[in-house]
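Chemist: Here this note's numbering is used: position 77 in the sequence shown is 109, and no number is missing along the way. Ideal placement from N, C-alpha and C gives every residue a C-beta, glycine not left out. Handing you a structure now.
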Amino acid sequence: MERNLKFYIMLGVSLSLVILAEWLIPPAVNWSPSFSAADKIPYGAYVPYHLMGYLFPDSNIRVVQISPYELLDGEEFEQTTYLFINNTFTPDPAESNAILDFAGSGNQVFISAEKIDGALADSLQLETSFNFISSDSSFINEAPFLTGITDDVSVTIDFVNPALASGGYHYKKGTVSHYFEQFDSSRSIILGINDRQQVNYLKMSWGEGTFWLNTVPHAFTNYNMLLPKNKGYMEKALAYLPAQDILWDEHHKAGRREARTPIRYILSQSALRWAYGLALFTVVLFILFEGKRRRRAIPLLPPLPNDTLEFVDTMGRLYFQRRDHQNITQKKFSYFQEHLRTHFSIVIPDEKTDTWYARVAEKTGRPEALIKGLFDAARHTHPTDQGLLRFNRMIEQFHRNPRSRDVA
Numbered sequence: 033m034e035r036n037l038k039f040y041i042m043l044g045v046s047l048s049l050v051i052l053a054e055w056l057i058p059p060a061v062n063w064s065p066s067f068s069a070a071d072k073i074p075y076g077a078y079v080p081y082h083l084m085g086y087l088f089p090d091s092n093i094r095v096v097q098i099s100p101y102e103l104l105d106g107e108e109f110e111q112t113t114y115l116f117i118n119n120t121f122t123p124d125p126a127e128s129n130a131i132l133d134f135a136g137s138g139n140q141v142f143i144s145a146e147k148i149d150g151a152l153a154d155s156l157q158l159e160t161s162f163n164f165i166s167s168d169s170s171f172i173n174e175a176p177f178l179t180g181i182t183d184d185v186s187v188t189i190d191f192v193n194p195a196l197a198s199g200g201y202h203y204k205k206g207t208v209s210h211y212f213e214q215f216d217s218s219r220s221i222i223l224g225i226n227d228r229q230q231v232n233y234l235k236m237s238w239g240e241g242t243f244w245l246n247t248v249p250h251a252f253t254n255y256n257m258l259l260p261k262n263k264g265y266m267e268k269a270l271a272y273l274p275a276q277d278i279l280w281d282e283h284h285k286a287g288r289r290e291a292r293t294p295i296r297y298i299l300s301q302s303a304l305r306w307a308y309g310l311a312l313f314t315v316v317l318f319i320l321f322e323g324k325r326r327r328r329a330i331p332l333l334p335p336l337p338n339d340t341l342e343f344v345d346t347m348g349r350l351y352f353q354r355r356d357h358q359n360i361t362q363k364k365f366s367y368f369q370e371h372l373r374t375h376f377s378i379v380i381p382d383e384k385t386d387t388w389y390a391r392v393a394e395k396t397g398r399p400e401a402l403i404k405g406l407f408d409a410a411r412h413t414h415p416t417d418q419g420l421l422r423f424n425r426m427i428e429q430f431h432r433n434p435r436s437r438d439v440a
């Protein structure tokens with residue numbers, strides 16, 4: 033009991049220290065891109081999504097969790113903008129055809145993705161690429177847009193329209209380095225470029241509608257919305273869109289929300305994840321230290337007494353009290369004959385001769401007179417008390433003879 037108490041005290045202290053450490057340590061910042069309206073991490077889109085109501089006060093903004101094919105195949109839309117923001121946008125052929133038909137029927141499609149690929153890119157004749165820029169590159173040192181920019185900034189982007197140009201929006205390395213390497217210039221209008229004069233935002237007519245194509249989705253994230261100098265980029269980029277209903281896509285997302293199961297929710301929360309892990313650890317400790325079968329002391333049981341002799345004595349007394357001496361004599365004589373057959377291999381004939389008695393005496397090593405006396409006593413039909421006792425003494429004398437031996 034004392035050992036168990038020490039174990040539980042140590043376990044409680046350990047758990048308390050771990051919980052205290054977890055509570056005191058600030059959570060690490062999650063810099064993974066999700067572009068989801070539900071995420072408040074730096075590269076989530078919680079702030080941009082809620083900013084949409086300010087930019088389009090008269091528009092109905094609807095979050096879409098299903099694929100474009102499922103949505104557009106089941107509903108009809110007029111004067112609507114479908115807005116996609118993600119690091120990549122690679123719809124399958126069915127989705128691509130649905131989006132093309134949606135735009136061709138007079139609607140707007142806004143896509144901001146570093147890489148636009150698949151059947152949609154083939155139809156729009158798009159091809160994207162990116163610039164790899166190191167901190168010591170001559171491009172950073174010589175580019176006029178980057179004058180006075182810290183080492184954390186790699187590329188500056190801006191609009192080509194003089195009314196919207198602001199001298200450049202500056203972003204961290206690797207976040208706005210993509211651009212359109214190829215596009216159909218016959219039906220496209222360039223709206224934005226980077227400091228290498230590479231196109232990163234363009235308007236492309238399609239049927240009766242329009243595609244608004246952009247390669248800098250990180251500009252539409254929480255982190256850059258909270259930077260005063262970069263907040264204006266989203267406002268100006270979306271200012272090109274007409275004031276109409278908006279479909280905000282949450283299906284094509286790097287941080288797409290999956291089915292919310294209890295265990296998934298527990299693992300998504302730091303405190304609950306630690307509690308779950310500690311619970312599993314406690315169960316393992318219990319199995320290791322307390323799960324073994326506890327052995328109780330095995331009680332000492334006295335050996336069962338050998339009651340055979342008592343039984344024989346009781347039965348003998350019963351027979352003796354009934355004066356059934358002949359029955360007792362015949363039973364003891366039967367056992368005696370069986371002893372001769374099994375131990376000395378002696379065949380007992382119906383007629384016994386002196387020669388036979390002599391051979392039995394030789395085999396058993398007993399006096400011939402003793403053996404002959406046993407057989408003679410067994411023939412008495414009504415033995416007396418003294419006769420029965422004398423017969424029993426002869427049987428015991430035969431078994432006590434030191435010359436007794438077994439003959440195979």
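Which value, in whole angstroms, describes the spacing of the CA atoms of residue 377 and residue 400?
Modeler: Distance between the alpha carbons of residue 377 and residue 400: 17 Å.
Chemist: Just mark residue 295 as buried or exposed, buried being the case when its beta carbon has 16 or more other beta carbons within 10 Å.
Modeler: Exposed: under 16 other Cβ atoms inside 10 Å.
Chemist: Here's a check: name, in chain order, each residue in its chain whose Cβ is nearer than 6 Å to the Cβ of residue 157, leaving out the five neighbours to either side.
Modeler: 216.
Chemist: Distance, Cα to Cα, residue 74 vs residue 312?
Modeler: Whole-angstrom Cα-Cα distance: 32 Å.
Chemist: Considering only C-alpha positions, which residue in the set 359, 397 and 284 is nearest to residue 117?
Modeler: Nearest C-alpha to residue 117: 284.
Chemist: Are the CB atoms of residue 426 and residue 405 within a distance shorter than 9 Å?
Modeler: For residue 405 and residue 426, yes; Cβs fall inside 9 Å.
Chemist: Starting from the Cα of residue 91, find the closest Cα among 418, 355 and 280 and give me that residue.
Modeler: Ranking the options by Cα distance to residue 91, first place goes to 280.
Chemist: I'd like the list of long-range same chain contacts for residue 175, defined as Cβ closer than 6 Å, with 5 residues on each side in sequence excluded.
Modeler: Because the pLDDT of residue 175 is 37, which lies under 50, any placement of that residue in the model is unreliable, and the number read from its coordinates should be weighed accordingly. The answer, listed in chain order, is 227.
Chemist: So, are the CB atoms of residue 72 and residue 254 less than 9 Å apart?
Modeler: Yes; because the gap between Cβ atoms is below 9 Å, this pair is in contact.
Chemist: Quick one: does the C-beta of residue 135 sit closer than 8 Å to a heavy atom of the ligand MN?
Modeler: Ligands are entirely absent from the displayed structure, and the ligand MN is therefore not among its contents.
Chemist: So which of 304, 66, 358 and 232 has the shortest CA-CA distance to residue 162?
Modeler: If we check each option's Cα against that of residue 162, 232 comes out closest.
Chemist: What residues match up with residue 316 in a beta bridge as DSSP calls it?
Modeler: For residue 316, which the question treats as bridged, DSSP gives no partner whatsoever.
Chemist: In three-state terms, what does DSSP make of residue 237?
Modeler: Here residue 237 sits in strand by DSSP.
Chemist: Within the continuous alpha helix (DSSP H) that includes residue 201, where are the two ends?
Modeler: Counting along the chain, residue 201 falls outside any alpha helix (DSSP H), though it belongs to the beta strand (DSSP E) covering 201-204.
Chemist: Beta-carbon within less than 7 Å of residue 81's beta-carbon, same chain only, minus the 5 sequence neighbours each way: which residues are those?
Modeler: Once the five neighbours on either side are set aside, the close Cβ partners of residue 81 are 69 and 280.
Chemist: What does a CB cutoff of less than 6 Å around residue 238 pick up in its chain, not counting 5 residues either side in sequence?
Modeler: Closer than 6 Å at Cβ, skipping near neighbours: 135 and 136.
Chemist: Quick check: residue 154 and residue 120, are their CB atoms within less than 9 Å of each other?
Modeler: No, the pair does not count as a contact, with Cβ atoms beyond the cut-off.
Chemist: Which residue's Cα is closest to the Cα of residue 213: 303, 234, 207 and 204?
Modeler: For residue 213, the nearest C-alpha among the options comes from 234.
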